[in-house]
Amino acid sequence: MVERIATAVGTPNIALVKYWGKRDASLNLPANSSFSLTLDENLRTTTSVMFSDSLAEDSLFVDGEKQDLNDSKNEKSAFAGKVVNILRDMAGVRSKALIASRNTFPKSAGFASSASGGAALAVAASGALGLNLDTRHLSVIARQISGSACRSVCGGFVVWHAGEKDDGSDSYAESIAPASYWPEVIDIMAMISSTKKKVSSSQGHALTPKTSDLYKARPATAEEHVRMVVDAIAKKDFGAVAEVTMKDSNSMHAVMLDSFPPIIYLNDASRAVIYAIHELNESEGSPIAAYTFDAGPNAHIITLKQHKDKVISTLREIVGDNMLVAGIGDGPRLLGENESLIRDGARL
Ligand code: 2P0
53 MVERIATAVG TPNIALVKYW GKRDASLNLP ANSSFSLTLD ENLRTTTSVM FSDSLAEDSL
113 FVDGEKQDLN DSKNEKSAFA GKVVNILRDM AGVRSKALIA SRNTFPKSAG FASSASGGAA
173 LAVAASGALG LNLDTRHLSV IARQISGSAC RSVCGGFVVW HAGEKDDGSD SYAESIAPAS
233 YWPEVIDIMA MISSTKKKVS SSQGHALTPK TSDLYKARPA TAEEHVRMVV DAIAKKDFGA
293 VAEVTMKDSN SMHAVMLDSF PPIIYLNDAS RAVIYAIHEL NESEGSPIAA YTFDAGPNAH
353 IITLKQHKDK VISTLREIVG DNMLVAGIGD GPRLLGENES LIRDGARL
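First residue of the sequence shown? That's 53 in my numbering, and the numbers climb one at a time after it.
The structure is reproduced here in structure tokens:
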């Protein structure tokens with residue numbers, strides 16, 4: 053019996069310039085390039101993949117719960133199945149796969165795990181199949197599970213190039229600097245709500261370009277923001293990084309609100325964080341912190357280690373102690389056999 057198995061860990065990323073709107077929904081090709089920080093292993097997904105002749109069908113378990121790989125309503129599982137098929141074809145392997153994945157995010161955090169999960173799966177599955185794929189190739193594969201997952205394949209400071217080709221081969225992520233380049237940068241996450249969002253990211257990616265007039269200006273604005281943030285990172289100009297980060301989050305949430313029906317992810321507590329960060333920056337005389345919000349009300353505050361205590365005491369007024377802190381990470385890595393979630397041919 054041939055059995056191939058590998059385990060990888062992946063971490064989330066936080067976009068400073070956002071991906072919102074696709075030019076191709078089946079391949080997750082974005083309307084614009086984006087920029088992110090890959091976070092460290094304070095939040096992580098561990099995924100084991102086994103290909104074995106003894107398996108009768110493909111199966112996927114997330115946090116112990118069996119997922120239906122053919123459920124078209126559960127897009128992420130459907131994409132996971134698709135990615136396993138692509139990799140299996142590349143390796144010329146026919147055996148079925150058992151995939152087991154666990155998130156170590158605090159249960160109440162309300163932070164998405166599709167980016168860390170997608171990156172961990174791409175690395176573990178290609179590792180199990182002995183495919184020696186470079187980061188660019190891995191990001192193209194991970195992108196098909198979840199767009200933002202392609203950025204989590206890279207460590208440090210990451211650009212996802214939108215690309216132009218119909219087949220998506222030039223839509224990939226690339227690290228412009230490793231985590232060690234600017235290790236003082238941190239993300240303080242303020243947990244505001246963990247309730248499931250009314251509009252999923254995938255629904256929003258489709259609705260906004262179709263219905264928002266303001267969205268027409270969004271792709272060019274985001275491309276300009278990527279150029280600005282890359283330049284600011286090269287100069288380690290934190291004030292410039294902070295300004296473009298806040299403006300890009302506001303730009304994305306503006307086109308969300310301009311969608312019809314409107315998509316509203318921010319709530320009163322999110323808005324209180326926005327005001328508090330502007331007040332803090334004003335009292336400091338220059339920006340020491342930047343807020344950014346994804347498809348939900350939780351705030352990510354990007355700052356430098358030396359300002360951590362000030363930012364935490366500002367946020368505490370709004371969210372109490374519901375905070376998590378992550379640094380910048382090196383991206384996914386393969387783990388050893390003793391960390392596998394699959395033993396003796398079965399998931400643990
Ligand atoms: C981002 N988000 O750039 C943006 C900002 C949310 C707001 O990427 O359909 O789960 O799987 O490609 O990656 C969330 O969307 O969407 C997202 P799919 P994804 O991080």
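We put the CB at the ideal spot given by N, CA and C, even for glycine.
C-beta atoms of residue i and residue j nearer than 8 Å
i, j, result
"threonine 90", "serine 153", "no"
"serine 168", "serine 104", "no"
"valine 293", "alanine 342", "yes"
"isoleucine 285", "phenylalanine 209", "yes"
"alanine 229", "serine 85", "no"
"isoleucine 353", "leucine 367", "yes"
"alanine 171", "proline 384", "yes"
"leucine 81", "glycine 215", "yes"
"lysine 70", "methionine 280", "no"
"alanine 174", "valine 371", "no"
"isoleucine 244", "alanine 378", "no"
"aspartate 300", "leucine 68", "yes"
"valine 205", "leucine 190", "yes"
"aspartate 265", "aspartate 219", "no"
"serine 254", "glutamate 391", "no"
Straight-line Cα distance separating residue j from residue i
i, j, result
"isoleucine 315", "lysine 250", "9 Å"
"histidine 257", "threonine 97", "24 Å"
"valine 101", "leucine 150", "6 Å"
"glycine 291", "leucine 356", "11 Å"
"methionine 142", "glutamate 389", "24 Å"
"arginine 203", "glycine 337", "33 Å"
"aspartate 222", "arginine 188", "9 Å"
"alanine 321", "leucine 139", "43 Å"
"threonine 260", "serine 124", "22 Å"
"lysine 134", "leucine 183", "17 Å"
"valine 192", "serine 335", "44 Å"
"histidine 359", "glutamate 109", "51 Å"
"lysine 287", "glutamate 369", "33 Å"
"alanine 58", "aspartate 396", "13 Å"
"isoleucine 404", "leucine 318", "Here the chain has residues from 53 to 400 only, and residue 404 is not among them."
"asparagine 302", "valine 278", "15 Å"
"serine 178", "alanine 194", "11 Å"
"lysine 262", "lysine 268", "10 Å"
"glutamate 295", "alanine 176", "37 Å"
"arginine 323", "glutamate 276", "25 Å"
"alanine 52", "serine 111", "Summary: the structure shown does not reach residue 52, with the chain confined to residues 53 through 400, and so no result is reported for it."
"proline 313", "serine 365", "37 Å"
"leucine 107", "aspartate 92", "34 Å"
"glutamate 55", "lysine 217", "37 Å"
"aspartate 382", "serine 252", "28 Å"
"aspartate 361", "alanine 83", "38 Å"
"proline 349", "isoleucine 340", "22 Å"
Residue i burial status per 10 Å Cβ neighbour count (16 or more: buried)
i, result
"glutamine 196", "buried"
"alanine 225", "buried"
"asparagine 65", "buried"
"threonine 344", "buried"
"glycine 207", "buried"
"aspartate 186", "exposed"
"tyrosine 327", "exposed"
"serine 129", "buried"
"arginine 270", "buried"
"phenylalanine 163", "buried"
"asparagine 137", "exposed"
"aspartate 373", "exposed"
"phenylalanine 131", "buried"
"valine 325", "buried"
"serine 227", "buried"
"threonine 63", "buried"
"alanine 398", "exposed"
"threonine 247", "exposed"
Nearest-angstrom Cβ-Cβ length linking residue i and residue j, presumed shorter than 8 Å
i, j, result
"leucine 400", "alanine 60", "Actually they do not touch by this definition, with Cβ atoms about 16 Å apart."
"phenylalanine 87", "valine 282", "7 Å"
"phenylalanine 157", "serine 165", "6 Å"
"leucine 376", "asparagine 155", "No, leucine 376 and asparagine 155 are not in contact; Cβ-Cβ is about 13 Å, not under 8 Å."
"isoleucine 240", "valine 145", "About 43 Å; that fails the 8 Å criterion."
Residue i Cβ short of 7 Å to ligand 3 heavy atom set
i, result
"alanine 108", "Looking at this structure, you won't find ligand 3 anywhere; what it does contain is ligand 1."
Notebook entry, point to check: Counting Cβ pairs, one atom from each stretch, are 3 or more of them under 8 Å apart for the stretch 63 to 80 and the stretch 187 to 204?
Noted result: yes
Item checked: Touching by the beta-carbon criterion (3+ pairs, under 8 Å), the stretch 110 to 129 and the stretch 234 to 249 -> no
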